[in-house]
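Under the working numbering, the sequence shown has 491 at position 226, and the numbering climbs by one with no breaks. Quick reminder that beta carbons are idealized off the backbone N, C-alpha and C, glycines included. Predicted model, so just to flag it, every value in this text is computed and none were measured. Step one of this worksheet: look at the structure below.
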Amino acid sequence: MDVEINTSQIVKSVLENEAQFKTTAVSKPLDVDLDIGSLLAIDTNLVDEKCLRKTTKSNYLCDLNRDNVQILLNKIWELPTERVEDAIVAALPSPVIEIPREKPLPKPKQETKWEAYAKLKGIQKKKKERMVWDETHKEYRPAWGYKRANDETKEWMIEVPDNADPFEDQYEKRKTAKKERVAKNEYQRLKNLAKNNKGVTSGDGLTPSAKQSKDQVNLALTVAKASTASAGKFTKALPKEHEVKKPKGKKRKFESNTGSLSDEKTRQLNVLNSLSSKQPKLNTNIAVKQNRKEELEKRRTDNSTGKAASRALARKQAAILSGKKQGNKNNKRRKGKR
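Following this line, the structure appears as structure tokens:
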């Protein structure tokens, strides 16, 4: 079957596609200053006034922005890339221009003890499968949670080890061991949180350490004795044991529920008056004392300034009188010589 090919239509469609999808190669008289780390492009070329007159400002600015972004993307694609899941990413270099930030960069999360140990030993985290094979029921069951596979707590018979007490309840022993594991994991989690938040773990000095003083051991022993259901009332004391007195806090005082109604009414009215009044309360005794103190200081200053002024005036008058007397003596001596 012969098919007529119209070359003009093909060329026309190619030109339309080229007009719709512009080329990635962009050339400019002056190179664009690029800061790949900040994803910044600075175009120092002059504005083409002819193109600006022919087209609208918005279209011209869009084309100019498109060319600059294309130059920036071309430079990014020159960097080494890698595939992460379904995306291709590139590691950007450190920025040249420091852009100010409102808040500092978030600090990396501090490693836990297990993460640091795994990194030191080269232990890599493996993803556990949700469903595993259960040999008892011969089917796939969840590895943890409700109706999990190979559940030890659901066994109808437990073999007693050779070195264990034959009268010991093995079911209760397993439950106790599980509770201890859960409590230990929770304690480690709280310690990691306190370490990341630069805080101190709770315990009021009762947490064990490498070197404990005698007072710390006695305090821990006293707290452990008082942590029973009877608050240590029936706990037997060791021989030659001295009880450590813990500092007691302040006891809260509550008003009686069967008090007089007039006192209750007065208290409630005082609360309402203090809330409704905008001006602060004035203590008249303090105000009177302050006023008296200010008046006394003012009088003292006035007296001191008055006395100083009178003394200065007396000195001035005395100087004038002495000057006149000296002048009269000199005149008499001159007359006698003549």
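| Check | Outcome |
| --- | --- |
| Among V334, A306 and P373, the one whose alpha carbon lies nearest that of N462 | P373 |
| The alpha helix (DSSP H) enclosing I336, as first and last residue numbers | K322 to W342 |
| Segment contact, 8 Å Cβ cut-off, at least three pairs: the region 432-449 with the region 331-348 | no |
| Sub-8 Å separation of A306 and L337 beta-carbons | yes |
| Beta-carbon proximity check, P300 vs T309, cutoff 8 Å | The displayed chain sequence assigns Asp, not Pro, to residue 300. Not closer than 8 Å, so no. |
| Alpha-carbon spacing of A496 relative to K490, whole angstroms | 7 Å |
| Buried/exposed call for R454, threshold 16 Cβ in 10 Å | exposed |
| Local conformation of T346 per DSSP, three classes | strand |
| Sequence-distant residues of its chain with Cβ nearer than 7 Å to T500 (five each side left out) | K490 and T493 |
| A383 - containing alpha helix (DSSP H), residue span | K378 to K386 |
| Bounding residues of the alpha helix (DSSP H) (the contiguous stretch that carries E506) | Taken as a continuous stretch (DSSP letters only), E506 belongs to no alpha helix (DSSP H), as it is neither H nor E. |
| Bounding residues of the beta strand (DSSP E) (the contiguous stretch that carries A352) | A352 to A355 |
| Neighbour-count burial assignment, R446, 16 or more Cβ in a 10 Å radius | exposed |
| Residue of T377, A583 and K315 minimising C-alpha distance to K460 | T377 |
| CA-to-CA distance, I353 to M422, given in whole angstroms | 56 Å |
| Inter-stretch contact (C-beta, 8 Å, three-pair minimum) for the region 384-398 and the region 406-417 | yes |
| Span of the beta strand (DSSP E), counted from its first residue to its last, around D300 | D298 to D300 |
| Run of the alpha helix (DSSP H) containing V488, from where it starts to where it stops | K479 to K490 |
| Cβ separation of P360 and G302, assumed to be a contact under 8 Å, to the nearest whole Å | 3 Å |
| Own chain partners of P294 with C-beta closer than 7 Å, once the 5 adjacent residues on each side are dropped | N310 |
| Where L370 sits in the DSSP three-state scheme | coil |
| Beta bridge counterpart(s) of P407 as assigned by DSSP | M396 |
| Straight-line Cα distance separating A355 from D296 | 23 Å |
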